[in-house]
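Protein chains: 2
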Amino acid sequence: MHLTQSLHRAVQQNPDRIATIFGDRVRTWRESADRIARLAGALRALGVAEGDRIALLAHNSDVFHEYMYAVWWTGGVVNPVNTRWSAREMVYSLQESDTRVLLVDDAFAPLVPEMRGLWDGIATVVHCGDGPAPEGMLSYEELIADHEPVEDARLGGDRLAGIFYTGGTTGFPKGVMLSHANILASSNSLVVSVQGSVRGGRTMYVAPMFHLAALGSWCTQTLVGGSHLFLPGFEPGAVLRGIVEQQPTSTLLVPAMIQMLVDHPSADEYDLSSIKRFSYGASPISETLLKRAMAVFPQAEFAQGYGMTEMAPGVASLAPEDHQHPRLLRAAGRAIAGVDVRVVDPEDNEVPRGTVGEIVARGDNAMLGYWNKPEETATALRGGWMHTGDAGYMDEDGYLYLVDRIKDMIVSGGENVYSAEVENALATYPAVATCAVIGVPDPDWGERVHAVVVLKLGHTATAEEIRAHCKTLIAGYKSPRSCDFVDAMPLSPAGKILKRDLRKPYWENTERSVN
Amino acid sequence: MHLTQSLHRAVQQNPDRIATIFGDRVRTWRESADRIARLAGALRALGVAEGDRIALLAHNSDVFHEYMYAVWWTGGVVNPVNTRWSAREMVYSLQESDTRVLLVDDAFAPLVPEMRGLWDGIATVVHCGDGPAPEGMLSYEELIADHEPVEDARLGGDRLAGIFYTGGTTGFPKGVMLSHANILASSNSLVVSVQGSVRGGRTMYVAPMFHLAALGSWCTQTLVGGSHLFLPGFEPGAVLRGIVEQQPTSTLLVPAMIQMLVDHPSADEYDLSSIKRFSYGASPISETLLKRAMAVFPQAEFAQGYGMTEMAPGVASLAPEDHQHPRLLRAAGRAIAGVDVRVVDPEDNEVPRGTVGEIVARGDNAMLGYWNKPEETATALRGGWMHTGDAGYMDEDGYLYLVDRIKDMIVSGGENVYSAEVENALATYPAVATCAVIGVPDPDWGERVHAVVVLKLGHTATAEEIRAHCKTLIAGYKSPRSCDFVDAMPLSPAGKILKRDLRKPYWENTERSVN
Numbered sequence: 000m001h002l003t004q005s006l007h008r009a010v011q012q013n014p015d016r017i018a019t020i021f022g023d024r025v026r027t028w029r030e031s032a033d034r035i036a037r038l039a040g041a042l043r044a045l046g047v048a049e050g051d052r053i054a055l056l057a058h059n060s061d062v063f064h065e066y067m068y069a070v071w072w073t074g075g076v077v078n079p080v081n082t083r084w085s086a087r088e089m090v091y092s093l094q095e096s097d098t099r100v101l102l103v104d105d106a107f108a109p110l111v112p113e114m115r116g117l118w119d120g121i122a123t124v125v126h127c128g129d130g131p132a133p134e135g136m137l138s139y140e141e142l143i144a145d146h147e148p149v150e151d152a153r154l155g156g157d158r159l160a161g162i163f164y165t166g167g168t169t170g171f172p173k174g175v176m177l178s179h180a181n182i183l184a185s186s187n188s189l190v191v192s193v194q195g196s197v198r199g200g201r202t203m204y205v206a207p208m209f210h211l212a213a214l215g216s217w218c219t220q221t222l223v224g225g226s227h228l229f230l231p232g233f234e235p236g237a238v239l240r241g242i243v244e245q246q247p248t249s250t251l252l253v254p255a256m257i258q259m260l261v262d263h264p265s266a267d268e269y270d271l272s273s274i275k276r277f278s279y280g281a282s283p284i285s286e287t288l289l290k291r292a293m294a295v296f297p298q299a300e301f302a303q304g305y306g307m308t309e310m311a312p313g314v315a316s317l318a319p320e321d322h323q324h325p326r327l328l329r330a331a332g333r334a335i336a337g338v339d340v341r342v343v344d345p346e347d348n349e350v351p352r353g354t355v356g357e358i359v360a361r362g363d364n365a366m367l368g369y370w371n372k373p374e375e376t377a378t379a380l381r382g383g384w385m386h387t388g389d390a391g392y393m394d395e396d397g398y399l400y401l402v403d404r405i406k407d408m409i410v411s412g413g414e415n416v417y418s419a420e421v422e423n424a425l426a427t428y429p430a431v432a433t434c435a436v437i438g439v440p441d442p443d444w445g446e447r448v449h450a451v452v453v454l455k456l457g458h459t460a461t462a463e464e465i466r467a468h469c470k471t472l473i474a475g476y477k478s479p480r481s482c483d484f485v486d487a488m489p490l491s492p493a494g495k496i497l498k499r500d501l502r503k504p505y506w507e508n509t510e511r512s513v514n
Numbered sequence: 000m001h002l003t004q005s006l007h008r009a010v011q012q013n014p015d016r017i018a019t020i021f022g023d024r025v026r027t028w029r030e031s032a033d034r035i036a037r038l039a040g041a042l043r044a045l046g047v048a049e050g051d052r053i054a055l056l057a058h059n060s061d062v063f064h065e066y067m068y069a070v071w072w073t074g075g076v077v078n079p080v081n082t083r084w085s086a087r088e089m090v091y092s093l094q095e096s097d098t099r100v101l102l103v104d105d106a107f108a109p110l111v112p113e114m115r116g117l118w119d120g121i122a123t124v125v126h127c128g129d130g131p132a133p134e135g136m137l138s139y140e141e142l143i144a145d146h147e148p149v150e151d152a153r154l155g156g157d158r159l160a161g162i163f164y165t166g167g168t169t170g171f172p173k174g175v176m177l178s179h180a181n182i183l184a185s186s187n188s189l190v191v192s193v194q195g196s197v198r199g200g201r202t203m204y205v206a207p208m209f210h211l212a213a214l215g216s217w218c219t220q221t222l223v224g225g226s227h228l229f230l231p232g233f234e235p236g237a238v239l240r241g242i243v244e245q246q247p248t249s250t251l252l253v254p255a256m257i258q259m260l261v262d263h264p265s266a267d268e269y270d271l272s273s274i275k276r277f278s279y280g281a282s283p284i285s286e287t288l289l290k291r292a293m294a295v296f297p298q299a300e301f302a303q304g305y306g307m308t309e310m311a312p313g314v315a316s317l318a319p320e321d322h323q324h325p326r327l328l329r330a331a332g333r334a335i336a337g338v339d340v341r342v343v344d345p346e347d348n349e350v351p352r353g354t355v356g357e358i359v360a361r362g363d364n365a366m367l368g369y370w371n372k373p374e375e376t377a378t379a380l381r382g383g384w385m386h387t388g389d390a391g392y393m394d395e396d397g398y399l400y401l402v403d404r405i406k407d408m409i410v411s412g413g414e415n416v417y418s419a420e421v422e423n424a425l426a427t428y429p430a431v432a433t434c435a436v437i438g439v440p441d442p443d444w445g446e447r448v449h450a451v452v453v454l455k456l457g458h459t460a461t462a463e464e465i466r467a468h469c470k471t472l473i474a475g476y477k478s479p480r481s482c483d484f485v486d487a488m489p490l491s492p493a494g495k496i497l498k499r500d501l502r503k504p505y506w507e508n509t510e511r512s513v514n
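Protein chains in written order, with numbering that gives the first Met the number 0: chain A, 0 to 514; chain B, 0 to 514.
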């Protein structure tokens with residue numbers, strides 16, 4: 000099946016219900032599909048052929064919805080660009096994937112000359128912002144107005160649907176190739192697995208749409224016939240106002256966003272009761288933060304998704320009913336329907352329950368591979384299993400507990416220390432707003448457990464107090480031996496703390512970044 | 000993905016929860032999977048190779064569950080036999096599909112000598128009833144006890160998973176070939192589409208498991224991690240007692256069963272409140288009956304499935320929320336997720352909403368084809384769409400309404416009866432000159448198989464004699480339950496019997512001409 004099938008079904012069943020909302024712009028499924036069919040006609044007229052890559056560089060809006068379905072309608076391949084990258088990184092991803100058509104909004108249009116200077120292959124630029132198109136760009140609205148709707152190519156199955164660039168461990172981004180079947184398998188499985196009474200309704204997207212977490216949620220929402228509400232990005236005040244004004248019934252946030260939301264000084268002045276389903280994921284959450292979020296959204300069912308771009312993105316989910324059991328709040332969930340999950344040792348043998356190893360997964364949602372990277376593909380998918388790079392264990396009921404990234408494990412004095420465990424302990428200290436734990440070189444211990452901490456406004460703490468607090472909860476060798484206090488964490492586009500950046504100053508004069 | 004994947008997932012996540020219940024026999028997922036792996040080992044030891052067909056001829060029990068998963072575990076193909084057929088018909092289906100291994104329970108073991116007399120290809124018979132195996136049969140329990148568990152072949156995707164025989168329009172049953180992907184697509188889509196708060200729990204199967212309606216429900220139930228409760232068959236008193244004693248949370252019934260249940264004199268003496276989801280399908284239901292059922296099960300959400308074996312079986316569903324709108328109670332539902340549905344004219348052009356035509360459907364669940372019948376396959380799947388043979392129309396919101404059948408199929412007690420097959424049997428009776436078989440409304444069966452006969456000059460016959468004759472050739476449920484003797488048939492200019500005219504007097508006071 001093809002990804003536009005759910006769009007056709009929505010038009011057949013709910014032609015006059017709302018498909019997309021962006022600010023004052025509200026469109027029904029019938030209107031939306033008509034625009035998509037015209038945009039697809041425009042892309043064909045521009046010479047876009049089956050399998051061609053088309054990029055969008057923009058903040059969240061209803062254009063994402065139209066762009067993705069229109070590209071699939073033509074039989075093309077989406078390549079949504081990471082908006083937090085530098086122009087160089089963006090161009091790298093366009094050039095590597097030979098993406099010659101680019102859509103940009105107002106925020107990114109000024110970058111285009113620089114990008115074109117770096118690579119002359121960007122043949123067509125479509126401006127999807129407000130007002131007239133800048134010099135050298137076509138107007139998105141004119142293209143839609145000037146072209147007749149075309150027939151949907153309905154190409155799907157194992158054909159390439161999108162290339163999604165993720166940060167590469169080797170310094171260059173890797174293009175994850177996902178087929179129509181991959182994305183549909185994940186979307187279907189998430190609906191099948193995450194039981195609960197809330198589906199459809201109106202989903203609010205604040206996490207960036209170029210990320211598979213938001214994109215997967217969006218696919219799922221069309222599948223169950225709900226409406227899409229786009230906010231341009233994450234700003235805590237705007238999100239709180241958006242909930243009150245637009246009454247979304249569900250949303251998806253990453254932990255760093257949740258932190259900012261619950262820390263917002265006037266969070267308790269807003270009526271947030273329209274939210275009935277609160278999904279979170281993309282990075283591990285501390286128990287403390289999760290409990291605070293559950294208090295701020297008492298009317299909402301909570302559901303956690305654990306996954307990765309390479310799994311389109313679903314691997315496991317912690318269902319609403321699991322959130323009733325305090326002991327499960329530290330879990331990342333259980334394998335979703337249709338996905339096999341195991342914890343293995345370095346030789347890929349399954350380890351006993353409770354033993355830490357690498358989490359591996361397989362299913363119809365596992366990526367086709369990395370674009371132009373057969374070796375990395377073979378390594379990541381060795382033995383038919385996607386190697387997540389996450390270290391964790393599985394309990395007797397199949398719940399996964401993440402303890403760290405395999406590569407982020409700290410070896411201190413010969414002991415393995417998983418930073419997530421230390422971070423969980425640290426987060427319970429009243430003065431701590433956000434924290435990250437890394438290994439830094441140490442003459443005595445090889446690596447030393449080091450904490451980077453953002454304090455809550457008006458609070459103070461010392462490294463000694465923090466170590467003393469952690470020692471009441473975890474072993475002394477795991478408790479931070481040193482501590483930096485910073486104003487803010489370096490974050491990835493998905494809101495993940497960039498430990499690489501935290502580690503950098505400590506490892507600058509060393510040849511490797513483990514000791 | 001392969002159909003045993005959900006079994007592995009259930010074992011990983013719920014090893015000690017109940018998988019199957021049959022009478023006093025209760026087994027956990029761990030126990031059940033162990034027996035399945037041993038039964039698969041036994042089948043391999045018996046020489047069953049990848050792709051081999053294995054049949055089960057039995058009333059409902061937990062053996063169905065073990066048999067199906069064990070056959071798939073070996074990479075084999077299931078062929079569950081219609082228990083209402085005559086020995087001739089059963090053997091036809093085994094011989095045509097070259098099925099050489101047969102499992103039988105106590106009820107059908109006595110038929111085996113006759114079946115072996117009709118075809119000497121039934122190489123291995125396994126007795127899965129109580130007590131010692133009859134002469135010439137192996138013991139199911141001994142096979143399980145004597146063999147070690149083997150590894151799951153994990154063969155799935157587009158490979159053949161089962162051959163499901165349905166009544167054939169040409170007088171012979173046709174084997175519908177369904178792949179793992181077909182059955183999984185339908186199961187997934189049904190869960191995605193039928194929203195509501197009830198999933199998992201304990202499903203009670205009283206409709207025969209060889210039918211795709213029950214089989215699809217069973218697949219779905221493993222997928223969401225619920226338990227299976229098998230009743231040997233449908234007997235209204237036993238079903239009512241079963242609900243009270245075993246507290247199932249959901250069940251699937253065909254309208255003829257629902258009729259008998261709500262008509263049962265002491266239905267209101269039972270506490271039926273454990274049933275939270277009441278699914279029905281396989282033939283259209285009258286509004287009157289549906290409203291009565293909703294009154295008998297006031298705590299239950301109602302969901303209708305419309306489908307056919309060739310679609311594995313899902314085509315459309317009427318969701319619980321649709322049952323809140325009286326005007327929708329006559330609908331068969333809307334296309335399930337991932338399935339395209341249209342109403343077309345004889346040239347396969349889509350007709351406007353509200354216009355009657357043939358309902359056609361396509362999706363990843365559409366059958367591979369009919370076993371050994373490339374021409375019938377090509378006709379049924381022409382243009383890439385499965386032609387259901389049902390006439391109906393679609394409203395502006397995508398709801399389907401069935402009005403008649405394109406072919407002359409009769410649905411009696413949830414079983415498909417093709418008039419051509421009955422007419423073939425009838426025509427062999429010496430006194431019959433011409434005959435036609437139609438479906439007429441019946442309070443017990445939904446539709447009743449009714450014959451219209453012109454006798455040969457100077458011959459006599461009674462309805463009883465004609466029924467008795469037919470029963471020597473075809474199943475009892477296919478044999479006419481009533482008969483009209485007429486002097487001449489109404490004929491078209493081309494000399495074809497006008498069944499429409501025969502049907503008319505019986506359907507005059509009803510709103511539609513299928514029940």
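The C-beta atom is built at its ideal place from N, Cα and C for all residues, glycine as well.
Legend entry - Rounded separation between W506(B) and V439(B) - CA only: 7 Å
Legend entry - Neighbour list for Q303(A) in chain B, Cβ cutoff strictly below 9 Å: Those do not exist, as Q303(A) stays about 15 Å from chain B at its closest Cβ, beyond 9 Å.
Inset, instruction - Could you tell me whether the Cβ of R326(B) comes closer than 8 Å to any Cβ of chain A? - result: no
Legend entry - Contained beta strand (DSSP E) runs [length at least 3] in the segment 306-360 of chain A, N- to C-terminal order: 313-317 and 338-343
Legend entry - Neighbour flag for H12(B) against chain A, beta carbons, 8 Å: Here residue 12(B) turns out to be Gln, not His, going by the sequence shown. So, interface residue.
Legend entry - Opening and closing residue of the alpha helix (DSSP H) in which F520(A) lies: With chain A covering 0 to 514 only, the question about residue 520(A) has no answer from this structure.
Inset, instruction - Counting only the same chain and skipping the five closest in sequence on each side, list residues whose C-beta sits under 7 Å from that of R99(B). - result: G120, I121, A122 and T123
Inset, instruction - With DSSP collapsed to three states, give me the class of E414(B). - result: strand
Inset, instruction - Mind checking the segment 0-32 of chain A against chain B and listing, in chain order, the residues whose C-beta falls within less than 8 Å of any C-beta there? - result: M0, Q4, S5, H7, R8, Q11, Q12, N13 and P14
Legend entry - Alpha-carbon spacing of G280(A) relative to G306(A), whole angstroms: 8 Å
Inset, instruction - Grab me the residues of R43(A)'s own chain with a C-beta within less than 7 Å of its C-beta, minus the 5 sequence neighbours each way, in chain order. - result: T73 and V149
Legend entry - Short Cβ contact (8 Å threshold) for M89(B) with V77(B): no
Inset, instruction - Tell me whether G391(B) sits in a helix, a strand or coil according to DSSP, three-state version. - result: strand
Legend entry - Alpha carbon of P115(B) to alpha carbon of S92(B), nearest angstrom: The sequence as given places Arg at residue 115(B); Pro does not occur at that position. Distance between the alpha carbons of R115(B) and S92(B) is about 13 Å.
Inset, instruction - Figure out for me which residue from M393(A), L159(A), S481(A) and G22(A) has the closest Cα to the Cα of V448(A). - result: S481(A)
Inset, instruction - Pull up the distance between the alpha-carbon of G167(B) and that of H210(B), whole angstroms please. - result: For G167(B), the predicted structure reports a pLDDT of 48, less than 50, and the residue's modelled location is therefore unreliable. The matter cannot be settled from this model.
Inset, instruction - Return yes when the Cβ of D51(B) is within less than 8 Å of the Cβ of T19(B), no when it is not. - result: no
Legend entry - Boundaries (first-last residue) of the beta strand (DSSP E) holding T250(B): S249 to L252
Legend entry - Distance between beta carbons of Y476(B) and E414(B), contact taken as under 8 Å: 5 Å
Legend entry - DSSP-derived helix/strand/coil call for M0(A): coil
Inset, instruction - Helix, strand or coil for P235(B), going by three-state DSSP, please let me know. - result: helix
Inset, instruction - Identify the continuous alpha helix (DSSP H) that holds N187(A) and give its terminal residues. - result: H179 to S192
Inset, instruction - Quick one: grab the DSSP three-state call for N423(B). - result: helix
Inset, instruction - Using three-state DSSP, classify A48(B) as helix, strand or coil. - result: coil
Legend entry - Nearest candidate by alpha-carbon position, reference S31(A), set G135(A), L183(A), L288(A) and A9(A): A9(A)
Inset, instruction - Could you list the residues in the segment 360-384 of chain A with a C-beta less than 8 Å from some C-beta on chain B, going in chain order? - result: G362 and D363
Legend entry - Contacts that L222(A) makes with chain B (C-beta to C-beta distance below 7 Å): V191 and A336
Inset, instruction - Pull up the DSSP beta-bridge partners for A302(A), would you. - result: S278(A)
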